[in-house]
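S.K.: Shown below is the structure under consideration.
Protein chains in written order, with my numbering: chain A, 1 to 240; chain B, 241 to 576; chain C, 577 to 932.
This is the structure:
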């Protein structure tokens, strides 16, 4: 199993704040890595730094061996990184179709690929010509994910896809992501919902105060309640 | 696969038509006040023509702001520069312009307008690279830089062309009016309306039917996500900036012909009007800008006819009224 | 220290510079007799106060207003119209103040409540629109304002140049009404600047800076930012109107060119940027540099233009013509934002603290 993404000694400052304080991590190809941690630990900043939306102030980020920490966001996206931000960020003024047209950067929408996506998210086919702003929260999340997978990507960065969604929708979303995973995607996903994390994750990273404090197999963490409590606190129980 | 939330009722897309009806309502309400139908038609046509010209000048500014949060206080410079550059063709070829042949007139006007647009567009390129690029994201500095740019451009025009007003007579075939019954419609106003409509339709089609347009609309809403999809938004922005500048140049030529004179201060003078238009319209919205321009022109024309004294502050009153109704303008852009 | 509200210049060079400027201003009637020198000095005083009040807005709250000359003009016209219509009596001066200051404050309140609610960028555009409407209004209401000609008026007896208080034979220097007016201007301007210094160093001033740094955070901390910004806008308007009153008293005239024109607005902006935003002291430095340059450099430009014309150079005579003064101003403006963003005061303070 080869390493797709590596971060070594990455620091990120936002204004006066030192958010990432030396991140070292490895994302193996073809696996789903869960990034856990309490609020403010730096999970979203980690994804944004990989995406080039925040500039790393020091350290190295490599995608398939190539340095990307000095690259601009569009360049990083063109190297095959798909990004699903925490806020979903669908273009609400545009239709579902237009959102996907923009996501398929290199040309017209590929029918086969589209059918593949519709397989996961039939709702998108139904609301094809509706304004994205009029979709429900779950549908927006699907559109946001669909945008990230409409073209083949090397790596998917997904930030808290289950946030704010009703439990039934969360279940369905997990099914979708599992399916995407089965197709061999490499995913780095931030998740607060430990249930979702356990369902989807192969590997797990836990962050605190801008550093990685735990690396391991998801199965091991899922089985070790004491470790969960030590790393993630009791609040996790509430999620289950 | 589970069909997620399939049972959710999808809210019908809301068409916000109230702003569109506003100018129509205003025009209709004015009928009894103006009294005679012929005056009303004349005033309404005058409003539409003036509104279209203002729209052409303002459209670029509102997109530039919407897309990149850049407020260009020097936008007026493109207007004045466009008008002056056009005189380079219009004045030497005044002979052909005074010939009473529409085609000959247009054969001179069209290249003049194109040259003006090219010059303003190139100036836009320079301004974006030199004055705007170094201060992205810093409103205060943007205002200072672009205000400085406006002064420099205006003064350069004075230095190169002299401080006097340059008369710019209308081409022979565009002078006078078309008479229908007892209604007189100035020919030039018809042309201005036509050009304005073409520009408006072209912008709307670009924004709604092309990938570039989709990107602009998406970028206005969330430029970060556009970048995360792999598009270089700064390049897009430069294109929008240059196009907006070129349109301001076109508007400048049209305005100069409308007023039949060119002066370096015209850019600065029109800036205020343009700001009011884009504030009314909702910063970043093209449809809002279009309606705002029409409203401002209507208030100026009807107001000037009915209560000339009020015309001085009518724009401010209009702005206050609109912002009382919708504090972010007629069509607020979602993310702002 | 008390008088500076605990906010000293914090740089030795700056302190010396300020002391020199203030001494020179105080001694101008003795050192440089003649109308021109005293005119320049009075202008420096008036603009220092005006620019300091603008700095309260621009430097301490980060909001760009283009209506500052409007308040300056309100002050000027209030005095001019009162003295013009009531005659040269002190009651007229009092009336001008009693009408002008509340008018400026009310208008500032209205603009602030209306446009500071939404975004800072709105404020800039709205003030520009309002100010231009006001300018048109002032030139159209000629029965009141004298239109383009403005209003000339006579000062009360005590302040007239002809009034000799102490004759030359007594102290070797004639203390007349003109000199008295000058000191009135100087002291009033100094008082206003010291008041502003007090305002920016009060808890209120710190809230303003917090808002400038991060409006959302200030709001989250429970400050009603609109209220604070509007309040600052009113204070700035009051001081600007006060400076306008001094301007009218000094010139014995108020007109569109001397108190309302957009050029003055640009001058103010430039003086703030040159002097250093958010320092108040920058206003004194900026006004001094700018007014001196305006009065003495233009003559130099005229000479240079003539020389260039004599040498047969193309374009240059036009560019150097004294009327193109604004061109160089605009270039200076851009250059100072580029290379000199913290202004003279920021530079001096930066150099001072680097040594420590």
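The C-beta atom is built at its ideal place from N, Cα and C for all residues, glycine as well.
Hey, how far is the Cα of residue 449/B from the Cα of residue 98/A?
M.R.: Approximately 10 Å, taken between the alpha carbons.
S.K.: Do you know how far the Cα of residue 386/B is from the Cα of residue 849/C?
M.R.: Going by the C-alpha atoms only, they are around 14 Å apart.
S.K.: Does the count of Cβ pairs from the segment 355-366 of chain B and the segment 472-492 of chain B closer than 8 Å reach three?
M.R.: Verdict: yes, contact present.
S.K.: What does the Cβ neighbour count give for residue 584/C, buried or exposed, with the cut at 16 atoms within 10 Å?
M.R.: By the 10 Å Cβ count, residue 584/C comes out exposed.
S.K.: Please name the residues in the segment 389-419 of chain B whose beta-carbon is closer than 9 Å to at least one beta-carbon of chain C, in chain order.
M.R.: From the segment 389-419 of chain B, only 389, 390, 391, 392, 393, 394, 395, 396, 398, 399, 400, 402, 403 have a Cβ closer than 9 Å to chain C.
S.K.: Let me see if you follow: with CB-CB separation under 8 Å, is residue 550/B close to chain C or not?
M.R.: Output row for residue 550/B: interface = no.
S.K.: State buried or exposed for residue 929/C, treating a residue as buried only when at least 16 other CB atoms are found within 10 Å of its CB.
M.R.: For residue 929/C, the pLDDT reaches just 49, beneath the cut-off of 50, and the residue's location in the model is therefore unreliable, although a value from the coordinates is still provided. Counting Cβ neighbours within 10 Å, residue 929/C comes out exposed, since fewer than 16 surround it.
S.K.: In chain order, what residues of the same chain have a beta carbon less than 8 Å from the beta carbon of residue 433/B, not counting five sequence neighbours either side?
M.R.: Correct list, in chain order: 285, 288, 289, 292.
S.K.: Quick check on the DSSP output: what are the complete beta strand (DSSP E) runs of length 3 or more inside the segment 155-230 of chain A, in order along the chain?
M.R.: Runs found: 155-159, 187-190, 203-208, 211-217.
S.K.: Taking only three categories from DSSP, how would you classify residue 153/A?
M.R.: Coil, per DSSP.
S.K.: Grab me the residues of residue 244/B's own chain with a C-beta within less than 6 Å of its C-beta, minus the 5 sequence neighbours each way, in chain order.
M.R.: Per-residue confidence for residue 244/B stands at a pLDDT of 42, beneath the threshold of 50, marking its modelled position as unreliable; no derived number is given.
S.K.: Going along the chain, which residues of its own chain have a beta-carbon closer than 7 Å to the beta-carbon of residue 554/C, five neighbours each way excluded?
M.R.: As shown, chain C starts at 577 and ends at 932. That puts residue 554/C outside it, with no answer to give.
S.K.: Sort 160/A, 35/A, 108/A, 4/A by Cα distance to residue 62/A and report the nearest one.
M.R.: Of the candidates 160/A, 35/A, 108/A, 4/A, the one whose C-alpha sits nearest the C-alpha of residue 62/A is 4/A.
S.K.: Would you tell me roughly how many angstroms separate the C-alpha atoms of residue 920/C and residue 768/C, rounded to the nearest one?
M.R.: Those two C-alpha atoms are separated by around 21 Å.
S.K.: Assign residue 191/A to one of two classes, buried (16 or more other C-beta atoms within 10 Å of its C-beta) or exposed (fewer than that).
M.R.: So residue 191/A counts as buried.
S.K.: Would you mind telling me which residues of chain C sit closer than 7 Å to residue 516/B, beta carbon to beta carbon, in chain order?
M.R.: Ordered by position in chain C, the residues that pass the 7 Å Cβ test against residue 516/B are 705.
S.K.: Which of the three DSSP states, helix, strand or coil, is assigned to residue 34/A?
M.R.: It is a strand residue.
S.K.: State the Cα-Cα distance for the pair residue 241/A and residue 200/A, rounded to the nearest angstrom.
M.R.: A question about residue 241/A goes unanswered here, because the residues of chain A that appear run from 1 up to 240.
S.K.: Reducing DSSP to helix, strand and coil, say where residue 69/A ends up.
M.R.: Residue 69/A: coil per DSSP, three-state reduction.
S.K.: Measure the C-alpha to C-alpha separation of residue 327/B and residue 770/C and round it to an integer number of angstroms.
M.R.: Going by the C-alpha atoms only, they are around 53 Å apart.
S.K.: How would you label residue 727/C, buried or exposed, when you count the other beta carbons within 10 angstroms and need 16 or more for buried?
M.R.: Buried is the call here.
S.K.: Tell me whether the beta-carbon of residue 381/B lies closer than 8 Å to the beta-carbon of residue 913/C.
M.R.: For residue 381/B and residue 913/C, yes; Cβs fall inside 8 Å.
S.K.: Taking Cβ positions, are residue 517/B and residue 539/B nearer each other than 8 Å?
M.R.: Their beta carbons are not under 8 Å apart, which means residue 517/B does not touch residue 539/B by this criterion.
S.K.: Sort 791/C, 707/C, 819/C, 665/C by Cα distance to residue 838/C and report the nearest one.
M.R.: For the residues 791/C, 707/C, 819/C, 665/C, the minimum Cα distance to residue 838/C belongs to 707/C.
S.K.: Assign residue 732/C to one of three DSSP states: helix, strand, or coil.
M.R.: Residue 732/C: coil per DSSP, three-state reduction.
S.K.: Residue range of the beta strand (DSSP E) that residue 4/A falls in?
M.R.: It spans 3-14 - the beta strand (DSSP E) in which residue 4/A sits, taken as one unbroken run.
S.K.: Between residue 240/A and residue 38/A, what straight-line distance do the alpha-carbon atoms span, to the nearest angstrom?
M.R.: Residue placement at residue 240/A is poorly supported in this model, since its pLDDT is 42, which falls under 50; the coordinates are not used for a value here.
S.K.: Cβ of residue 512/B less than 8 Å from any chain C Cβ?
M.R.: Chain C contact via Cβ: present.
S.K.: From residue 356/B to residue 322/B, what does the alpha carbon distance come to, in whole angstroms?
M.R.: Those two C-alpha atoms are separated by around 4 Å.
S.K.: Per DSSP, what kind of secondary structure is residue 28/A in: helix, strand or coil?
M.R.: In the structure shown, residue 28/A sits in a strand (DSSP, three-state: E or B).
S.K.: In three-state DSSP terms, what is residue 95/A?
M.R.: Residue 95/A falls in the strand class under three-state DSSP.
S.K.: Counting pairs of beta carbons, one from the segment 661-678 of chain C and one from the segment 850-864 of chain C, are three or more of them closer than 8 Å?
M.R.: These segments do not touch.
S.K.: For the putative contact between residue 822/C and residue 765/C, defined by C-beta atoms under 8 Å, what is the C-beta separation to the nearest angstrom?
M.R.: Sure, about 6 Å apart at Cβ, within 8 Å.
S.K.: Give me the subset of the segment 853-868 of chain C whose CB atoms are less than 7 Å from a CB atom of chain B, sorted by chain position.
M.R.: So the list is empty, because no residue satisfies the distance condition.
S.K.: For residue 90/A, which three-state DSSP category applies?
M.R.: If DSSP states are grouped into helix, strand and coil, residue 90/A belongs with coil.
S.K.: Going by DSSP, what residue range makes up the beta strand (DSSP E) through residue 83/A?
M.R.: Residue 83/A -> beta strand (DSSP E) spans 81-84.
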